[in-house]
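Colleague: In this note's numbering, the protein residues as written are -5 to 306. We put the CB at the ideal spot given by N, CA and C, even for glycine. Since this is a predicted model, take the numbers as computed values, not measurements.
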Amino acid sequence: MSNKTYAGIPEDYSKLETSKIVLIPVPYDGTSTWQKGADKGPEAFLDASENMETYDIETQTEVYQQGVFLADAVRENSSPEAMVDAVHKVTKKYIKKNKFVTLFGGEHSISIGSIRAFNECFNDLTVLHIDAHADLRKTYHGSSCNHACAVYEASQTTNLIQVGIRSMDVIETTVMDKDKTYFAHELATNEFWMDSAIDQMTDNVFITFDLDALDPSIMPSTGTPEPGGLFWYETLEFLKKVFEEKNVVGFDIVELCPNKKEKSSDFLAAKLYYKMLSYKFMDENIDDDYDNTFESKKTKNNTSKFIEDDEY
């Protein structure tokens, strides 16, 4: 990455020691099966972020002042398995530094590593998977670390909630929990789907957001655009509810496939990332210490599962 700081923010707000937020770019596109280019997504996202206003009107905050450290990009691409392992290790390293860890891909296989790290660090983790595709294949093209397998491991080891799904293979029906899946066609007719999805979440939530969850009329630059997706304000409404009611411990955003002739998708991705940060920190003062544990309004705190002698 050529960018020195996230969104061109002053260096005083971008130091690891004082930043509450870490952003890890993962420019990887090793397993995508249609349009290539997701490895260019992080750079396009960062370039767009530099042209974004940093005052959020809705929350009346400037969340970058909480501090955003732009980590070195994870560039491992010798194999999908090696990439997943590298993402896992780097993500866990920053979680253990008591940071709010975020990632920007890259294609969706990067999330196997990020989810694995968060699941090792937080009890009773819910993975909120917002996507057009189910991504529940156990293996695809000879690898379990393929983009089509992005949340298979999460389906076996976490509380997986899927939102926006409108494309899948029949084999994935044998893995999918349909009671925790909110298909795109159902969102159009069920006005209570947001509350239902949130009610099924545990306190600690990790969000993996594939940009093709959004309708291609507002997000055309993805590897596999699918008609019938989410729109901007309903997406923000849902995300805000999740951040208000749950302890979102981190998130990743994936599958921006930039097009030189279409920059609105890059800017949408930049705004989405910043809105999610704004929702996370909207009730926190800049001088407050960040603590990635959480006291629920309903139950006792789900403490982190750090193994303190792990070396990363």
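1) Measure the C-alpha to C-alpha separation of Y0 and L10 and round it to an integer number of angstroms.
2) I need the boundaries of the beta strand (DSSP E) containing Y146, first residue and last residue.
3) Take A76 and list the residues in its own chain whose beta-carbon comes closer than 7 Å to its own, dropping the five residues that flank it on each side.
4) Given this structure, state the Cα-to-Cα distance separating L208 from A126, to the nearest angstrom.
5) Give every residue of the same chain whose Cβ lies closer than 8 Å to the Cβ of I165, excluding the five residues on either side of it in the sequence, and list them in chain order.
6) From this set, A263, L40, M188, which residue's C-alpha is nearest F232's C-alpha?
7) Could you spell out where the beta strand (DSSP E) holding Y176 opens and where it closes?
8) Contact between the segment 96 to 109 and the segment 139 to 153 is defined here as three or more beta-carbon pairs at a separation below 8 Å; is this criterion met?
9) Any idea which residues DSSP pairs S137 with across the strands?
10) Measure the CB-CB distance between L122 and I89 and report whether it falls below 8 Å.
11) Rank V248, I280, T151, D171 by C-alpha distance to the C-alpha of G31 and give the top, closest one.
12) Are there 16 or more other CB atoms within 10 angstroms of the CB of F63, so buried, or fewer, so exposed?
13) Check whether the Cβ atoms of Q29 and G223 lie closer than 8 Å to each other.
14) How many angstroms separate the CA atom of S290 from the CA atom of K240?
15) Within 10 angstroms of its Cβ, does T167 collect 16 or more other Cβ (buried), or is it exposed?
16) Let me check one thing: in DSSP terms, what residues is T216 bridge-paired to?
17) Exposed or buried, what is H135 when buried is set at 16 or more other beta-carbons lying within 10 Å of its beta-carbon?
18) Threshold first: 4 residues or longer. Then list the alpha helix (DSSP H) segments lying entirely within the segment 44 to 117, N to C.
19) Which class does D41 belong to by DSSP, given the choice of helix, strand or coil?
20) If you drop the 5 nearest sequence neighbours on each side, which residues of the same chain put their C-beta closer than 8 Å to that of I3?
21) Rounded to the nearest angstrom, how far is the Cβ of L250 from that of A38, given a contact under 8 Å?
22) Starting from I192, trace the alpha helix (DSSP H) both ways and give me its first and last residue.
23) D204 lies in the beta strand (DSSP E); which residues open and close that run?
24) Given F225, which residues of its chain have a CB within under 7 Å of its CB, disregarding the five upstream and five downstream residues?
25) Could you check whether I159 and F395 sit closer than 8 Å to each other, using their CB atoms as the reference points?
26) Thinking C-alpha only, which one of M276, T85, G99 is nearest G24?
27) Looking only at its own chain, which residues have a Cβ that is under 7 Å from the Cβ of N113, when we skip the five neighbours before and after it?
28) By DSSP's criteria, S161 is part of a beta bridge. Which residues make up the other side?
29) Here's the rule I'm using: 16 or more other beta-carbon atoms within 10 Å means buried, otherwise exposed. How should Q60 be labelled?
30) Evaluate T175 with the Cβ neighbour count: other Cβ atoms within 10 Å of its Cβ, from every protein chain shown; 16 or more gives buried, anything less gives exposed.
31) Identify whether V20 lies in helix, strand or coil by the three-state DSSP scheme.
32) Check for me: the alpha helix (DSSP H) holding L233 runs from which residue to which?
Modeller: Result, derived from the coordinates:
1) In the sequence shown, residue 0 corresponds to position 6, counting from 1. In the sequence shown, residue 10 corresponds to position 16, counting from 1. Spanning the alpha carbons of Y0 and L10 requires a straight line of approximately 12 Å.
2) Locating residue 146 in the sequence shown gives position 152, counting from the first residue. Per DSSP, Y146 lies in no beta strand (DSSP E); the unbroken alpha helix (DSSP H) holding it starts and ends at 146 to 151.
3) Along the sequence shown, read from residue 1 onward, the residue named residue 76 stands at position 82. Excluding sequence neighbours, A76 sits near E70.
4) Here residue 208 corresponds to residue number 214 of the sequence shown, with the count starting at 1. Here residue 126 corresponds to residue number 132 of the sequence shown, with the count starting at 1. About 8 Å.
5) Taking the first residue of the sequence shown as 1, we reach residue 165 at position 171. Here the set comprises R131.
6) Counted from its first residue, the sequence shown places residue 232 at position 238. For F232, the closest C-alpha among the options A263, L40, M188 is that of M188.
7) Against the sequence shown, residue 176 aligns to sequence position 182. Its beta strand (DSSP E) spans residues 175 to 177.
8) Result yes; three or more Cβ-Cβ pairs closer than 8 Å.
9) Within the sequence shown, residue 137 is the residue found at index 143, counting from 1. Paired residue(s): Y134.
10) The residue given as residue 122 occupies position 128 in the sequence shown. The residue given as residue 89 occupies position 95 in the sequence shown. Cβ atoms of L122 and I89: not closer than 8 Å.
11) Numbered from its first residue, the sequence shown carries residue 31 at position 37. For G31, the closest alpha carbon among the candidates V248, I280, T151, D171 is that of V248.
12) Taking the sequence shown and counting its residues from 1, the one referred to as residue 63 is at position 69. By the 10 Å Cβ count, F63 comes out buried.
13) Against the sequence shown, residue 29 aligns to sequence position 35. Against the sequence shown, residue 223 aligns to sequence position 229. G223 sits away from Q29, with the two beta carbons spaced by 8 Å or more.
14) Taking the sequence shown and counting its residues from 1, the one referred to as residue 290 is at position 296. Taking the sequence shown and counting its residues from 1, the one referred to as residue 240 is at position 246. Confidence is the limiting factor: at S290 the pLDDT is only 38, short of 50, which leaves the residue's position unreliable, though a coordinate-based value still follows. Taking the Cα positions, S290 is about 8 Å away from K240.
15) For the purposes of this step, residue 167 is identified with residue 173 of the sequence shown, where counting begins at 1. Label assigned to T167: exposed.
16) In the sequence shown, the residue the question calls residue 216 occupies position 222. Secondary-structure assignment with DSSP links T216 through a beta bridge to L250.
17) Here residue 135 refers to the residue found at position 141 when the sequence shown is read from its first residue. Under the 10 Å beta carbon count, H135 is surrounded by fewer than 16 other beta carbons and is classified as exposed.
18) If we require 4 residues or more, the alpha helix (DSSP H) runs fully inside the segment 44 to 117 come out as 74 to 89, 104 to 115.
19) Taking the sequence shown and counting its residues from 1, the one referred to as residue 41 is at position 47. The answer is helix: DSSP assigns D41 an H, G or I state.
20) Sequence index remark: in the sequence shown, residue 3 carries index 9 (1-based). Hits under 8 Å: T48, Y58, V62.
21) Locating residue 250 in the sequence shown gives position 256, counting from the first residue. Locating residue 38 in the sequence shown gives position 44, counting from the first residue. Rounded, the Cβ-Cβ distance is 6 Å, consistent with contact.
22) Position 198 of the sequence shown holds residue 192. It spans 187 to 193 - the alpha helix (DSSP H) in which I192 sits, taken as one unbroken run.
23) In the sequence shown, the residue the question calls residue 204 occupies position 210. Its beta strand (DSSP E) spans residues 198 to 204.
24) For the purposes of this step, residue 225 is taken as residue 231 along the sequence shown, with counting starting at 1. D209, I212, listed in sequence order.
25) Examination of residue 395 is not possible in this model, given that the chain is present from -5 through 306 alone.
26) By one-based count along the sequence shown, residue 24 stands at place 30. Taking the Cα of G24 as reference, the smallest distance to any Cα among M276, T85, G99 is reached at G99.
27) Translated into the one-based positions of the sequence shown, residue 113 becomes position 119. These residues qualify, in order along the chain: L119, T151, T152.
28) Walking along the sequence shown from the start, residue 161 turns up at place 167. Paired residue(s): H127.
29) Residue mapping note: residue 60 aligns to position 66 of the sequence shown, counting from 1. It counts as buried.
30) Residue numbering aside, residue 175 sits at position 181 when the sequence shown is read from its first letter. Buried.
31) Position 26 of the sequence shown holds residue 20. The answer is strand: DSSP assigns V20 an E or B state.
32) If you number the sequence shown from 1, residue 233 lands on position 239. DSSP places L233 in the uninterrupted alpha helix (DSSP H) bounded by 226 to 239.
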